[in-house]
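There are 4 protein chains.
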Amino acid sequence: VEFASDNTAGVCPEVLDALLAESSRPGPAYGDDPTSKRLGSLVAEAFEHEVAVYPVSTGTAANSLALAATSPPWGGVLCHDEAHVVVDELAAPTVLSGGLTLHRLPGDHGRIDPAALTDVAVRADHGVHTVPFSALSLTQSTEAGTRYTADEIADLAGAAHAAGMVVHMDGARFANAVAATGASPAELSWRAGVDVLCLGATKGGALAAEAVVVFDPGRAPHLDRHRKRTGHLLSKQRLVSAQLLGWLQDDAWLRHADHANAMAARLAEVVTSRRLTLLHPVETNMVFLDLSPEQEAVLGSTGAAYYPRPLRSGRVEARLVTSWSTTVSDIDRFADALDGVGLGDRA
Amino acid sequence: VEFASDNTAGVCPEVLDALLAESSRPGPAYGDDPTSKRLGSLVAEAFEHEVAVYPVSTGTAANSLALAATSPPWGGVLCHDEAHVVVDELAAPTVLSGGLTLHRLPGDHGRIDPAALTDVAVRADHGVHTVPFSALSLTQSTEAGTRYTADEIADLAGAAHAAGMVVHMDGARFANAVAATGASPAELSWRAGVDVLCLGATKGGALAAEAVVVFDPGRAPHLDRHRKRTGHLLSKQRLVSAQLLGWLQDDAWLRHADHANAMAARLAEVVTSRRLTLLHPVETNMVFLDLSPEQEAVLGSTGAAYYPRPLRSGRVEARLVTSWSTTVSDIDRFADALDGVGLGDRA
Amino acid sequence: VEFASDNTAGVCPEVLDALLAESSRPGPAYGDDPTSKRLGSLVAEAFEHEVAVYPVSTGTAANSLALAATSPPWGGVLCHDEAHVVVDELAAPTVLSGGLTLHRLPGDHGRIDPAALTDVAVRADHGVHTVPFSALSLTQSTEAGTRYTADEIADLAGAAHAAGMVVHMDGARFANAVAATGASPAELSWRAGVDVLCLGATKGGALAAEAVVVFDPGRAPHLDRHRKRTGHLLSKQRLVSAQLLGWLQDDAWLRHADHANAMAARLAEVVTSRRLTLLHPVETNMVFLDLSPEQEAVLGSTGAAYYPRPLRSGRVEARLVTSWSTTVSDIDRFADALDGVGLGDRA
Amino acid sequence: VEFASDNTAGVCPEVLDALLAESSRPGPAYGDDPTSKRLGSLVAEAFEHEVAVYPVSTGTAANSLALAATSPPWGGVLCHDEAHVVVDELAAPTVLSGGLTLHRLPGDHGRIDPAALTDVAVRADHGVHTVPFSALSLTQSTEAGTRYTADEIADLAGAAHAAGMVVHMDGARFANAVAATGASPAELSWRAGVDVLCLGATKGGALAAEAVVVFDPGRAPHLDRHRKRTGHLLSKQRLVSAQLLGWLQDDAWLRHADHANAMAARLAEVVTSRRLTLLHPVETNMVFLDLSPEQEAVLGSTGAAYYPRPLRSGRVEARLVTSWSTTVSDIDRFADALDGVGLGDRA
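Here it is, written out as structure tokens:
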């Protein structure tokens with residue numbers, strides 16, 4: 541059973557259909573095409589706000605370019621200690637911006653502790669000797685599979701804005717947070733203070749399609765230059781725009797996210813009913829188990845694909861991710877496999 | 541009629557089929573998948589040489605990463621005065637490498653003049669004060685729609701190697717050169733001295749798929765780090781590998797390139813039979829017209845899509861590009877349109 | 541009284557004499573001169589090891605170039621949480637290296653906790669997704685005015701080497717540590733595992749002169765390129781080499797450092813005899829007081845120059861630094877001033 | 541006899557005196573000192589304009605930071621084909637700015653041909669695909685030892701401003717141009733359209749002191765950040781400011797430059813009276829000879845220090861530079877040496 545990540549799934553039907561339709565005719569290169577324009581309108585509608593939209597093909601590119609375009613190159617970006625931008629991108633935000641540095645903030649279950657943010661934001665300024673904090677980066681939903689509520693975002697964003705920072709959201713799994721909270725896209729973004737959102741479709745069912753969404757285009761006047769000079773402007777951009785369009789139209793993105801979340805809830809039920817321990821509350825499409833090394837070895841013997849990581853405690857974290865393509869029968873087969881290897885203590 | 545570029549076409553059937561097949565099942569992320577491995581084998585077979593293959597989604601990324609991984613960051617890259625790397629990429633090779641500089645060499649019809657190369661290669665060395673030339677970048681087929689023969693490449697590559705440079709080939713339209721010369725992929729690349737080839741499939745019929753092909757993997761030991769730290773490692777890389785696989789299998793790439801070349805030849809016949817002047821010999825899939833401003837205005841009135849550029853002579857260059865999707869009827873309609881507006885002098 | 545920093549002093553007589561002598565005659569530019577060669581020999585003799593020596597004019601340049609030349613640009617540098625390289629250089633090591641990132645390790649009194657180093661060094665490797673730790677940076681003497689013993693350095697360096705890292709030492713105040721420990725320059729550097737030392741003379745009495753000392757030149761083959769391409773190669777380098785030569789000759793550097801340390805010890809006696817609290821043991825030339833805000837205001841009213849910093853505890857750190865130019869009478873005047881404002885509780 | 545460069549001389553008395561005076565007392569670090577402030581006033585007075593002044597220790601740093609602070613990182617800098625910034629700095633302007641690219645313009649005797657500037661300035665704009673020219677860099681006096689008149693500067697600067705560029709002047713030998721033209725510093729800089737001047741004192745008699753002079757501080761709001769993040773902020777900046785102050789006070793800089801120019805004129809007389817051929821008019825402090833390889837070998841046998849360079853013609857350029865420290869007797873000894881080896885044809 542495939543729980544390694546939501547980027548191991550294929551492409552969802554709505555995206556494929558849009559892609560095939562767009563591909564059936566020629567169209568202008570580099571984003572100067574009707575589909576890219578329609579994408580802009582659709583995002584504006586979905587978020588109830590004027591936007592500038594920049595499609596790219598990776599989430600690392602989206603995050604890096606969003607930060608590069610809204611911070612000066614000597615700025616500092618505050619993010620959670622486990623954030624993808626600081627843990628998994630081999631310093632791409634630093635490289636693509638020409639020098640931004642990332643500063644880690646603690647917080648339980650993947651969410652930044654507001655007190656930690658306030659603490660650094662009021663730090664003494666030593667002028668030219670000190671990296672000025674220029675951006676707060678929030679991950680929604682978080683690396684721990686939890687999500688921020690609109691109020692929690694507003695609190696953090698308010699503190700950031702008060703300290704002169706821009707607020708960036710890494711939304712590789714933004715759809716899952718929207719589906720989970722029931723809040724609107726607007727409520728979880730600009731209404732709560734987000735200035736630039738990296739809206740990820742790849743994990744949600746696209747081939748390779750992410751959109752940098754700038755709510756106040758004046759904040760990122762040169763994003764197009766940053767994108768081009770780093771090799772991230774696609775010649776057949778319309779085919780990426782088409783993916784995003786197919787994904788967003790008729791709320792396909794939210795239906796798929798809702799499905800993935802439901803599969804994770806079902807998966808959580810499977811493991812907790814066997815008295816396996818969760819590391820984090822299951823709020824979106826990821827389930828984290830806290831296993832002994834022996835248990836993890838047994839889990840591995842089921843043949844299920846997941847992502848293990850040693851913990852400082854000596855125990856092992858197992859991350860299981862569901863996606864638009866996970867089925868009820870996947871979960872059921874996994875439950876049977878657990879029982880087959882005798883993992884967990886059936887209540 | 542669409543002659544603006546070969547990147548305005550859609551996706552060719554072979555690529556779409558491969559993409560749909562790959563998308564129908566889950567698979568590992570980040571290139572650790574069977575399809576990416578099969579791609580490596582297929583490229584090795586097509587080029588009759590062991591290779592390391594790095595798929596990316598833009599040609600600018602391919603060129604920049606290939607150069608970054610084979611030159612030190614203080615190196616200098618020699619290229620043709622009209623090369624895409626120096627004219628059209630907003631300094632991406634400089635940005636993604638951390639400082640490479642590009643140096644222009646003259647040459648007629650898009651081909652580097654060997655004497656110009658020799659001239660700079662023997663320039664006095666002033667040690668640490670001087671940018672050391674570390675790479676020669678050849679464009680095949682060229683920006684002028686011409687191509688180098690294997691012997692011409694070997695001459696230039698030999699001079700570059702003798703001066704300690706690596707030889708890079710921007711092969712955004714490599715397929716068209718192979719189809720046009722009748723030489724094998726091997727003969728036009730490593731056998732002639734090319735060390736790293738950026739094999740472009742996007743212009744040839746893919747969605748967004750380019751492959752950096754390294755013939756001596758020891759020459760680019762950290763290309764994977766460069767790719768990741770610049771945001772160019774795709775999570776669903778297997779879907780890009782699949783595109784390349786579908787394009788290469790059963791020589792689809794060469795058939796499409798041959799077709800595009802044939803359409804360009806037919807287009808050239810249309811314009812020369814009307815005594816319009818060609819700027820460059822038509823050797824692959826591009827036709828360049830040398831028009832008076834008045835003629836160019838008339839050409840524009842046909843509604844055909846092409847790329848005009850003012851020349852220093854006061855005249856205007858009109859670039860017309862054919863692709864895998866250009867049809868005979870497109871050419872015929874264009875011929876009729878020319879006659880309709882009375883452009884050219886029917887022989 | 542001047543205790544703001546050891547970089548507020550003028551130039552010591554030995555350096556001035558050497559500078560004047562060198563300036564009285566012409567000599568080759570860019571380091572190709574006899575004085576720069578003599579400097580190399582003298583450093584080799586002082587450290588009992590072959591060396592490559594690269595003079596520059598700032599400590600930030602020295603640290604950044606030393607790290608840039610020994611790490612790949614995607615590397616990670618481990619350093620103390622309070623290290624100058626991560627706190628005070630506005631990301632210069634990142635900028636001059638083209639992307640190095642800095643990672644903070646905790647530790648009391650400015651010294652890295654060996655357990656914290658081991659902890660991160662054994663962290664799981666996720667290949668291309670993870671910044672590989674490529675260097676350990678030690679500060680000697682530390683930002684807290686303490687120093688590492690040779691054994692402490694050897695422990696940390698051993699762990700770093702075992703994990704494949706290079707060991708860098710920020711020696712802006714290396715002389716003070718040598719004078720304080722009584723160990724030889726060799727014992728506190730390469731014999732304990734240091735691969736590259738930034739030997740600072742500016743704080744010790746020079747005008748603007750720091751030397752990057754590479755013990756195994758093969759480890760930093762391109763340091764000269766890094767220095768030139770960042771604007772740090774001095775045309776009249778011989779005048780900087782002369783400063784370093786005058787400073788090192790006849791152990792002037794160690795005499796000045798010993799003097800500064802003695803002045804700090806006397807200063808510590810002044811404050812502790814008045815029952816003011818020290819934040820850190822006084823081991824070299826810096827004294828840190830732990831004051832209430834009210835006490836700090838009174839200290840400020842003496843007119844003495846020092847560096848205050850708010851602490852998380854609500855109290856205030858006051859840093860007082862002595863130098864080669866501090867006199868006994870400076871300390872005595874300060875003692876009188878304390879008594880004049882009634883600060884401290886005379887035992 | 542020493543004609544290798546004007547950076548092989550020692551430090552002139554006025555600079556030494558100022559340095560010694562400043563060094564005799566402590567003072568604040570990092571430029572927050574009275575001497576740095578006085579320098580600002582003196583430069584403003586000398587140039588009859590408000591200025592922001594940033595001292596650094598190398599000309600490469602000055603040029604690179606001036607360009608980095610006034611252009612966006614994706615900008616393009618136009619400069620003469622032989623300009624130091626593009627020929628001799630190992631891409632430092634590119635590195636320190638995070639990506640600026642340099643574009644060469646032709647022109648006789650080291651001066652940019654105004655027609656060549658106009659030609660590129662009116663080039664078609666292809667938006668995000670094209671490097672936008674953001675700065676014109678003029679070298680005064682030029683690499684060929686000639687100088688621009690105020691009118692020539694105004695013509696070039698006017699064209700640059702009309703095209704939206706900033707005008708930078710590499711003034712490593714600005715003093716020589718002022719002395720040679722008789723125009724005022726203001727007339728050769730801001731009055732003629734220069735926005736930022738790198739005023740070099742090192743070649744003119746300082747130890748290591750260059751000043752970036754910004755005439756409209758709003759044009760370079762973050763120059764201090766750029767300087768710090770590249771390691772070019774000096775801790776004992778007041779000792780560099782003192783050098784500049786001593787050099788500028790009482791017109792010492794212009795007297796020394798006038799002397800150097802006069803020595804070059806005398807040297808030119810020596811060589812032309814022997815019917816040796818000059819490559820360029822001798823307008824400041826450099827003399828360029830056009831020699832056959834045989835003649836150059838003979839010249840070398842005199843033991844004089846100069847800088848030879850092979851020319852495309854097969855002949856050899858010999859560059860001889862005079863400085864503040866060149867004496868009449870140096871020239872006379874050189875004349876005798878020429879006669880001793882029989883070089884030239886005595887009229």
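In order, the protein sequence lines correspond to chains S, X, V and W. Just so you know, we're using the working numbering here: the first sequence kicks off at 541 and counts up by one. Just so you know, we're using the working numbering here: the second sequence kicks off at 541 and counts up by one. Just so you know, we're using the working numbering here: the third sequence kicks off at 541 and counts up by one. Just so you know, we're using the working numbering here: the fourth sequence kicks off at 541 and counts up by one. Ideal Cβ placement from N, Cα and C applies to all residues, glycine included.
Buried or exposed (CB count within 10 angstroms, at least 16 for buried), residue i
i: Pro761/X; result: exposed
i: Asp659/W; result: exposed
i: Glu585/V; result: exposed
i: Thr484/V; result: In this structure chain V extends from 541 to 887, so residue 484/V is not present and cannot be described.
i: Arg886/X; result: exposed
i: Arg815/W; result: exposed
i: Asp572/X; result: exposed
i: Ser576/W; result: buried
i: Ala702/S; result: exposed
i: Ser686/W; result: A quick correction: the sequence has Thr, not Ser, at residue 686/W. Per the 10 Å Cβ criterion, buried.
i: Asp764/X; result: buried
i: Thr507/X; result: It is not possible to answer for residue 507/X, since the shown part of chain X is limited to 541 through 887.
i: Gly854/W; result: exposed
i: Thr610/V; result: buried
i: Glu834/W; result: exposed
i: Val868/V; result: exposed
Span of the beta strand (DSSP E) around residue i
i: Glu891/S; result: As displayed, chain S neither begins before 541 nor continues past 887, which places residue 891/S out of reach and without an answer.
i: His772/W; result: Counting along the chain, His772/W falls outside any beta strand (DSSP E), and DSSP gives it neither H nor E.
i: Ala592/V; result: Ala592 to Val596
i: Val483/S; result: With chain S covering 541 to 887 only, the question about residue 483/S has no answer from this structure.
DSSP beta-bridge partners of residue i
i: His766/X; result: According to DSSP, which records beta bridges pairwise, His766/X is partnered with nothing at all.
i: Thr817/V; result: Asp830/V
i: Pro848/V; result: Ala858/V
i: Leu636/S; result: None, per the DSSP bridge assignment.
i: Glu542/S; result: Ala845/S
Residue interval of the alpha helix (DSSP H) (run including residue i)
i: Val881/W; result: Val868 to Val881
i: Gly786/X; result: Gln777 to Leu788
i: Val625/W; result: His624 to Val627
i: Trp793/V; result: Ala792 to Thr812
i: Asp557/X; result: Pro553 to Ser563
Starting from the N-terminal side, write out each stretch of the alpha helix (DSSP H) that is 4 residues or longer and does not extend beyond the segment 638 to 706 of chain V. Counting only runs that start and end inside the segment 638 to 706 of chain V, the alpha helix (DSSP H) elements of at least 4 residues fall at 654 to 661 and 690 to 702.
Completely contained alpha helix (DSSP H) runs for the segment 567 to 613 of chain V, where each covers 4 or more residues: Runs found: 574 to 587 and 599 to 610.
Continuous alpha helix (DSSP H) assignments of at least 4 residues falling wholly in the segment 709 to 772 of chain V: The qualifying runs are 714 to 721 and 763 to 769.
Evaluate contact between the segment 553 to 563 of chain V and the segment 578 to 592 of chain X, counting only Cβ atoms and requiring at least three cross-stretch pairs below 8 Å. As far as the Cβ criterion goes, the segment 553 to 563 of chain V does not touch the segment 578 to 592 of chain X, which means the pair count is below three.
Counting Cβ pairs closer than 8 Å, one from the segment 620 to 628 of chain V and one from the segment 612 to 630 of chain S, do we hit at least three? In short, these stretches do not touch, since the Cβ pair count stays below three.
Taking one C-beta from the segment 856 to 863 of chain S and one from the segment 747 to 756 of chain S each time, how about it: are there three or more such pairs within less than 8 Å? In short, these stretches do not touch, since the Cβ pair count stays below three.
Cβ pair count under 8 Å reaching 3, the segment 598 to 609 of chain V against the segment 768 to 786 of chain V: Contact between the segment 598 to 609 of chain V and the segment 768 to 786 of chain V is present, because at least three Cβ pairs lie under 8 Å.
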